[in-house]
Structure formats: C-alpha cells, structure tokens
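Engineer: One structure is given below, represented as structure tokens, and several questions about it will come after.
There are 2 protein chains.
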Amino acid sequence: MPPRARRLAEVAAAFTPMPEMPFAIAVPGGSVAPDANWRRLGNRVRASRAAAPASYGDPRGVMELRHAIADYVRTSRAVHCEAEQVVITAGTQQGLYLAGRVLLSRGDHVWAEDPAYPGMTAVLDDLDLVTTRVPVDAQGIDVDAGLAARPKARAAFVTPSHQYPLGMPMSMARRNALLAWAQRQDAWIVEDDYDSELRYAGHPFPSLQGLDPSRVIYLGTLSKVLFPSLRLGYVVAPAPLVDAFAGARALLDRHSPTGDQHVLAAYMREGLFEAHIRRIRGVYAARRATLIAALDHHMPRNVTLQPSDQGMHLLLWLPQGADDVHLAKAALADGIVVRPISPMYRVAPRPGLMLGFGGFAPEELEAAAVRLRRVMDRDGSQRRTQPRRAS
Amino acid sequence: MPPRARRLAEVAAAFTPMPEMPFAIAVPGGSVAPDANWRRLGNRVRASRAAAPASYGDPRGVMELRHAIADYVRTSRAVHCEAEQVVITAGTQQGLYLAGRVLLSRGDHVWAEDPAYPGMTAVLDDLDLVTTRVPVDAQGIDVDAGLAARPKARAAFVTPSHQYPLGMPMSMARRNALLAWAQRQDAWIVEDDYDSELRYAGHPFPSLQGLDPSRVIYLGTLSKVLFPSLRLGYVVAPAPLVDAFAGARALLDRHSPTGDQHVLAAYMREGLFEAHIRRIRGVYAARRATLIAALDHHMPRNVTLQPSDQGMHLLLWLPQGADDVHLAKAALADGIVVRPISPMYRVAPRPGLMLGFGGFAPEELEAAAVRLRRVMDRDGSQRRTQPRRAS
C-alpha cells in the first residue's frame, strides 16, 4: 500500500456521513430545504439554452453567478469585491484546499485556531504545512498567543463570524490585531465565513475581508443556507490571485457543474435566495430557542451551554474529565448524533459536544434532549470518570 | 505573490475554454447532446425523495450510480470490479489528481506518454513528481524505451484505448509488456480510458484493468459520451485503495453533487445511456467520415492524417518545420479552433494539429476544412518556414 494511502483512508473514515438523526449537523430537509420554487426554477432554467448540456466551462465559474455572489456578499457581509474576484467552488472544503495550494508551499508555517474544523486541519496536514494551533478565548483567536508561539507564520486560517466549533464571533479588537499582524508579516488570512447568514441577535461584525481586501481570502458556502448535496460555494480572492485560484481549480477538477450554477444565479437574481434565508432564519431561531430551553431543563447542572448567537449548532461543555468521544459513541447507539469536541483540539481544556439543531423539528429536539440526558446518566462519562490532576 | 501562484495562473490560461467553433474538441450540442429524455428524466428524479436537496453524502458517490457504472464497465470494457471499487469523480482531471495523491509521494518517478494530455502532465508537475516522458510509436507507449530511461518508476500514466493526442490504441504486446513491468516493479498503472466508447471499426482491446485488476487504476469519464459541463466521471480502484481514494476526495471537495448522480443512475438503469451512446456513435461516425473526405480533398499534399478508428478528434501531421502553435493562432482569428500538438511533447518529432469533429454538423466540418486550407496557404507555416537541421 502506498505510504499516503493509509493516512487518506483514515481521513475517509472521519468524513463518513453521520445518520440523519438529532443532533446531526447540516441536515437540511423538510421545512428547511429549499422548496418547490427551487425545483421548478431549476426545471425551467435547465430547459433554457444557457443551462443546457454544454462543453467545458471557465474554472472561475459561470459569470452570471459570480456577479450574483459578488452583489450578495457586498451587501450582506461588507465584502469588498468585484464579480471578477469571485471563484465558484464545490464548497468550503475545496476553498480551503485551493487556498492552501495557491498561497502556501510545503513546510510553510500557518496558524490554525485551537479548536478547529478537522476538515481544515486535515488539509493543512495533507499539504505538508507546519501548523501552529493558536488558542481561542471569548473574543476569538488569541493573536498574542500566536505572536508568542510563531510570529512569522505565512497564513492564518480563521472562522471569525462563528468560531468553529465554539461559536463566538471574533471581537473587533482581535480582528484589527490579526490584520495588523498579517500586514506586518506579509501573511495571508483565510476567512471561513460559514454560518454568517444565520445570526439571531445583535449586529454582525463586518467580514475581515472588508477590512483589508488585499490580505484576506474569503470563503463562503451554500451548504448551510441551501443544502450540502448541491456542492457549491465561493472564494473571493484579491484580484492578482484570481488566476492562480482558477489554475488550481482547473488542475483539481476543471470547474463546478454549470447547470446548477445557472439555476442558483437565477434563484439569487429573482430574490428567492434572500427570501429563503429570511425564512430559514426564522425556522432555525425557533428550533434553537426550543433546544436551549430543553437543555436548560434536562441537562445536569455540571453541563453548561456555550453562549452563541449564530449558526446551526450549540455547544455543550461537559465536566472536566468526562469522555466526550465515548459519550458520543454511546449516544449514537441510542439514535443521537453528537460531535465530541476534544478531537478538534490540540489539548482540550474541557470536553464538550456539538449539537446541531438545523434539521429537526422542535418536538424532535425536545425528545432528543431527554434521550441524551438518559445516555449521560447511563454512560456516567459526563461525571468525572477519569479524575486527572490539573496540569 | 506566493511562489506557486504564478505557475498556477499559467495553468489557468492553458485551461481557458476555447470558443465553440470548428474544430474545437468536446463540444456536445445540438444533435449529439443528450436530448429531452435526459432533461425530463432529471426533472422526474429530482422530484423524488432520493434526489431531493440533502445533507453531505459519501465521498465514494451515490451507491446506485456506483452499481450502474460497475455493470457498465464490466460489460463494455471488460473491467473486473465490484460496485464497491467504483469512486465517482468530477471527471478524468480529478481522477488523475486523486491517483497522483493516493499512489505517489513528492519526488517519486513516474512514466508519462510522449506526447500526452497537458492537463495530466500539469498534475504530475503540481504534485512534485519526477516525470519521465516515454515515446509513443504505432503500437502505443514504447515500454522498452521506458525501461531504458527509468526502469524503477513508481507508476505509468497511459491512454491505451486511444492515445492522447495521437489516437492509436496500445497493442496487446505492449499491454502485456507494460503490465509485466508493473508487476516486476510493484508499480501502478493509471489507465485513462477516455473515448473508449467511440470505436468505429474492429474490436477494442480489453482494458488494462481487466488484465490485471490489482495493479491498475481505471479512469472513466462521462464528459465524452454525455457532456463535459456535467462534471461526472469515475475511478475503479483495487479494493484495498478505495478508502484512500475516498479520503483524498473528501479532502479536496467532499463529494460530487448528489442530484445529478441520481439522475445518471436512473438514465443508465433505464437503458437510456446505452441507447444514447449507440446514437451518438452513429452521428460521430458520419461526421468523422465527412471530415476525412474533406481533409483528403482540401489539405495540401505535405499534410497527412494519422490513422485512428476511435474518438472525437483527428490528428493532422504538418510538414517538418511548420509552426503548429502559430498556425493555430492564425486559424483562431479565422474562426477555426485547432490544438497544436508540439506543446504536448517533450521534443516533438513533427508538428501537428488536433481537429475535433464531435460538435459540428457535416456541412460545418466541410466548410471549416476549406477555411483551414486558406489559413495554411496564407500563414505559410505549414511549409518549412523555419528550416532546422535534423538533430
């Protein structure tokens, strides 16, 4: 077996889709999936000449969609860009891979948040980059800690709208500190802005990209507000780098299928996209409120909820010493899908579980919270089953 | 600008789609595109529960499609496989990239045919592999030349059905020699079987994969027999490597959009796919015959046609010393798209042009042959404009 193959097989296991049971993350179905409008519009668009079966397209994507995305991120996220800077991707995963390929070379040092999305850190490892994990506190990435550990990194991969997996936004002070570091070091910032559309209270911070468009690669995805199986997202890159992103994309797989790009462009142009987001924001807000109330009611006292005003998941902190990986396995056997967060840390300060609420009706969430409590009581791992000394 | 970015921007330029004018390659439209059956079936399948908007899927692809592909390649190409060995890709380009990632590591030596598909050699370069270009003769890759130049390569990337760009199939003797080498060296063979469905005379050789399934990664594409903008293809990998291919795919972009995978599975299951191939084989055979006759009639005597019984393009050899790159540029200004072959060689023995006939009606092909002759006469580069000594 080739040397890389074993490592890649482990990656495959980590990406195996979870069953669509509460609290799985990213399950759009029923009332949150795009409705018959999406399908009927698709049928109409595919019957048109523009979206009919066609030859190879531009690796940057369909121009009409690039325009629609540029308009959207300018308005909704204060992203500073022209349509020519938008490169359509197959989603955030591909955006991360492309950014790594274009910006960095083997052996380069990069910052990643600690904790972080495993699909991102796996890309950094696969590209043979040297990753410094930078801790996250209530304000987001601790820039001073990064400066102390590895000041001369070439790039930072961050989730400023909604830290993955903890959920807090990066404060304005930290945004400025991170950009100041990048300017001084001539480093790049890769801004994964997933979940930015789903904010339930207060005003969002502007994107990092809008604060310094020359230093930031902005990654957006349609997996959260439309559906993951569509496999569409986008990169907004500084103009001088757009051709390199296009070249990297062409090498990987040429371009995204063009039919759905035309459908999405029409969906956005006709105002259906923004209407859909308004609608699901309301649905998710209600589900979130239900889940928070259910957790308040059903969780033991030593389990606490991480505050967050955004996104499609909540984070439950377990007591010190609990085994979140074991608890997640036990829950799965009971029809509950939770993600343990300790594997997302270099060194986890505390175990925890991610609970997705996006794909489930309020009564399902309520019932699942009761079931999760039962699993906790039976499993015992939410108690301090393996006492450790503080180190 | 990051060091890789400039090189990747050059790759983007090489992948920029050509205008859809004769003799562009891979232009399915009009009577060769899948017809209203494909679209209506798509509308129907997308309205079903299975193909509705969904969450993340398996990086290996939709199981139903993997079964349909396995059935198809077993029957049509003597590929020896189970559905579990099929990994759905975004096309041959991604199949090549995945094979490089899974099988090989930086600095590994590989064989590539000379000449070869530039999108393939660009992948080998991008993965920092060391490529030995192995000459091709009338029987395909010259295995003895490869043995003399670099016996201990780790893999060979070949196009045995229809050498790209020259068009001959690899002889049975060469197939056996290549497999014997791979067995001795414990090396891999990556078999790009593009265009294998489009054979106009005689019996095809069985796939290399069918001759030794343990050594061969088989790459298939739907871009040629359906349409490129669909972005679907497949890898058939030895069973122990399937998880590694899935992991590499997950890292790159998780998986192909699932809607079209369900549509294609239904299209194959209902027999529409094979009927489509039968239909377009007839269309292409007629176009090919028209183009051959037109070239016989209109080309100067010092231009010769490379014999080939397969595929969607023909190869014209130009006289020694002609500048095929310059001639292609001059033709483009006249509304004719030809691909020069000298950039596909390490050292070209002779200049030549690829002429795609798949996307154009017989009368367009006839008229374009006349126009190409006029460009040649005016340009003068089909004559020996830059005399060189034989080296």
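From first to last, the protein sequence lines stand for chains A and H.
Per our numbering, the first sequence runs over residues 37 to 427.
Per our numbering, the second sequence runs over residues 37 to 427.
From the three backbone atoms N, C-alpha and C, an ideal C-beta is built for every residue, glycine too.
Bear in mind the structure is a predicted one, so any value in this text is a computation, not a measurement.
So which residues on chain A does H:Asn73 lean against when the C-beta distance must stay under 7 Å?
Structural biologist: Correct list: empty, because the minimum Cβ distance to chain A is about 12 Å.
Engineer: Residues bridged to A:His349 by DSSP?
Structural biologist: According to DSSP, A:His349 bridges with A:Gly392.
Engineer: Taking Cβ positions, are H:Ala280 and A:Arg42 nearer each other than 9 Å?
Structural biologist: In contact: H:Ala280 and A:Arg42 (Cβ atoms closer than 9 Å).
Engineer: Between A:Arg267 and chain H, is there a C-beta pair that is closer than 9 Å?
Structural biologist: Taking Cβ atoms only, chain H reaches closer than 9 Å to A:Arg267, which makes this a yes.
Engineer: Name the residue from A:Arg137, A:Leu363, A:Glu120 whose alpha carbon lies nearest to the alpha carbon of A:Arg285.
Structural biologist: The shortest Cα separation from A:Arg285 among A:Arg137, A:Leu363, A:Glu120 belongs to A:Arg137.
Engineer: As a quick exercise: from A:Ile253, A:Glu306, A:Leu351, pick the residue whose alpha carbon is nearest that of A:Gly131.
Structural biologist: If we check each option's Cα against that of A:Gly131, A:Ile253 comes out closest.
Engineer: Enumerate, from N- to C-terminal direction, the unbroken alpha helix (DSSP H) stretches of 4 or more residues contained entirely within the stretch 42 to 97 of chain H.
Structural biologist: Runs of the alpha helix (DSSP H) inside the stretch 42 to 97 of chain H: 72 to 82.
Engineer: What is the residue span of the alpha helix (DSSP H) that H:Tyr435 lies within?
Structural biologist: Chain H is shown from 37 up to 427; residue 435 of chain H falls before or after that span and cannot be answered.
Engineer: Taking only beta-carbon atoms, is A:Val138 less than 9 Å away from chain H?
Structural biologist: A:Val138 counts as touching chain H.
Engineer: Taking 9 Å as the threshold (C-beta atoms), are A:Lys260 and A:Ala394 in contact?
Structural biologist: Looking at the sequence shown, residue 394 of chain A is not Ala but Gly. Cβ distance < 9 Å, so A:Gly394 and A:Lys260 count as in contact.
Engineer: Please report how far the alpha carbon of A:Ala311 lies from the alpha carbon of A:Ala114, in whole angstroms.
Structural biologist: Distance between the alpha carbons of A:Ala311 and A:Ala114 is about 19 Å.
Engineer: Using a Cβ-Cβ distance cut-off of 9 Å, determine whether H:His145 contacts chain A.
Structural biologist: Output row for H:His145: interface = no.
Engineer: Please check the pair H:Leu352 and H:Leu391, which I expect to be a contact at CB under 8 Å, by giving their CB distance rounded to whole angstroms.
Structural biologist: That pair is a contact at about 6 Å.
Engineer: Which residues mark the beginning and the end of the beta strand (DSSP E) in which H:Tyr320 is found?
Structural biologist: Not the beta strand (DSSP E): H:Tyr320 falls in the alpha helix (DSSP H), residues 308 to 334.
Engineer: Using a threshold of 8 Å, is the CB atom of H:Met412 nearer than that to any non-hydrogen atom of the ligand NAP?
Structural biologist: By its list of ligands, the structure shown contains no ligand whatsoever, and the ligand NAP lies outside what it can speak to.
Engineer: Excluding sequence positions up to five away, which residues of its chain have a Cβ less than 6 Å from the Cβ of A:His291?
Structural biologist: Correct list, in chain order: Gly93, Pro95.
Engineer: Beta carbons nearer than 7 Å to chain H: which residues of the stretch 89 to 118 of chain A have them?
Structural biologist: Listed by position, the residues of the stretch 89 to 118 of chain A near chain H (Cβ gap below 7 Å) are Pro89, Ala90, Ser91, Tyr92, Gly93, Asp94, Pro95.
Engineer: What are the boundary residues of the alpha helix (DSSP H) that H:Asp289 is part of?
Structural biologist: Start and end: 278 to 289.
Engineer: Can you pull the chain H neighbours of A:Gly453, defined as C-beta to C-beta under 8 Å?
Structural biologist: Because chain A is modelled from 37 through 427, residue 453 of chain A falls outside the range shown and cannot be assessed.
Engineer: State the beta-bridge partners of H:Ala191 as determined by DSSP.
Structural biologist: BP columns for H:Ala191 point to H:Val146, H:Trp224.
Engineer: The alpha helix (DSSP H) spanning H:Asp173 covers which residue range?
Structural biologist: Counting along the chain, H:Asp173 falls outside any alpha helix (DSSP H), though it belongs to the beta strand (DSSP E) covering 166 to 173.
Engineer: For A:Ala104, I'd like the list of residues in its chain whose CB is within less than 7 Å of its CB, leaving aside the five on either flank, ordered along the chain.
Structural biologist: Correct list, in chain order: Ala301, Met304, Arg305.
Engineer: For chain H, find out if any of its Cβ atoms is closer than 9 Å to the Cβ of A:Tyr133; answer yes or no.
Structural biologist: Closer than 9 Å: yes.
Engineer: Check distances from the C-beta atoms of the stretch 46 to 58 of chain A to those of chain H and list, in chain order, the residues that come in under 9 Å.
Structural biologist: Answer set for the stretch 46 to 58 of chain A: Glu46, Val47, Ala48, Ala49, Ala50, Phe51, Thr52, Pro53, Met54, Glu56.
Engineer: Using DSSP's beta-bridge definition, name the partner residues of A:Pro376.
Structural biologist: A:Leu389.
Engineer: With a cut-off of 9 Å, does the C-beta of A:Trp224 fall near any C-beta of chain H?
Structural biologist: Chain H, which has a Cβ nearer than 9 Å to the Cβ of A:Trp224, makes this yes.
Engineer: According to a CB-to-CB cut-off of less than 8 Å, which residues of the stretch 237 to 250 of chain H neighbour chain A?
Structural biologist: Residues: none.
Engineer: Can you give the Cα-Cα distance for H:Leu368 and H:Thr52, rounded to whole angstroms?
Structural biologist: Answer to the nearest angstrom: the Cα atoms are 14 Å apart.
Engineer: Relative to the C-alpha of H:Ala83, which residue among H:Ala185, H:His298, H:Ala191 is closest?
Structural biologist: Taking only the C-alpha atoms, the option nearest H:Ala83 is H:His298.
Engineer: Determine the burial state of A:Gly238: buried for a count of at least 16 other Cβ atoms within 10 Å of its Cβ, exposed for fewer.
Structural biologist: Classification for A:Gly238: exposed.
Engineer: For my contact list, A:Ser191 and A:Leu247 are in at a C-beta cut-off of 8 Å; report their separation, rounded to the angstrom.
Structural biologist: The residue you asked about is not Ser; residue 191 of chain A is Ala in the sequence shown. About 17 Å separates the two Cβ atoms, so there is no contact after all.
Engineer: Thinking C-beta only, is A:Gln129 closer than 9 Å to A:Gly97?
Structural biologist: Taking 9 Å as the Cβ cut-off, A:Gly97 and A:Gln129 do not qualify as a contacting pair.
Engineer: If H:Gly9 and A:Asp289 are in contact, beta carbons under 8 Å, what's the gap, nearest whole angstrom?
Structural biologist: Absent from the structure is residue 9 of chain H, since the part of chain H shown begins at 37 and ends at 427.
Engineer: My guess is that A:Ala330 and A:Ala405 are in contact by the Cβ rule of under 8 Å, so how many angstroms apart are they, rounded?
Structural biologist: 4 Å between Cβ atoms; contact.
Engineer: Can you list, in chain order, the residues of its chain whose CB lies under 7 Å from that of A:Thr326, leaving out five sequence neighbours each side?
Structural biologist: Hits under 7 Å: Pro398, Leu401, Glu402.
Engineer: Can you list the residues of chain A that H:Thr294 reaches, using a CB-CB cut of under 7 Å?
Structural biologist: Here the neighbours are Ser265.
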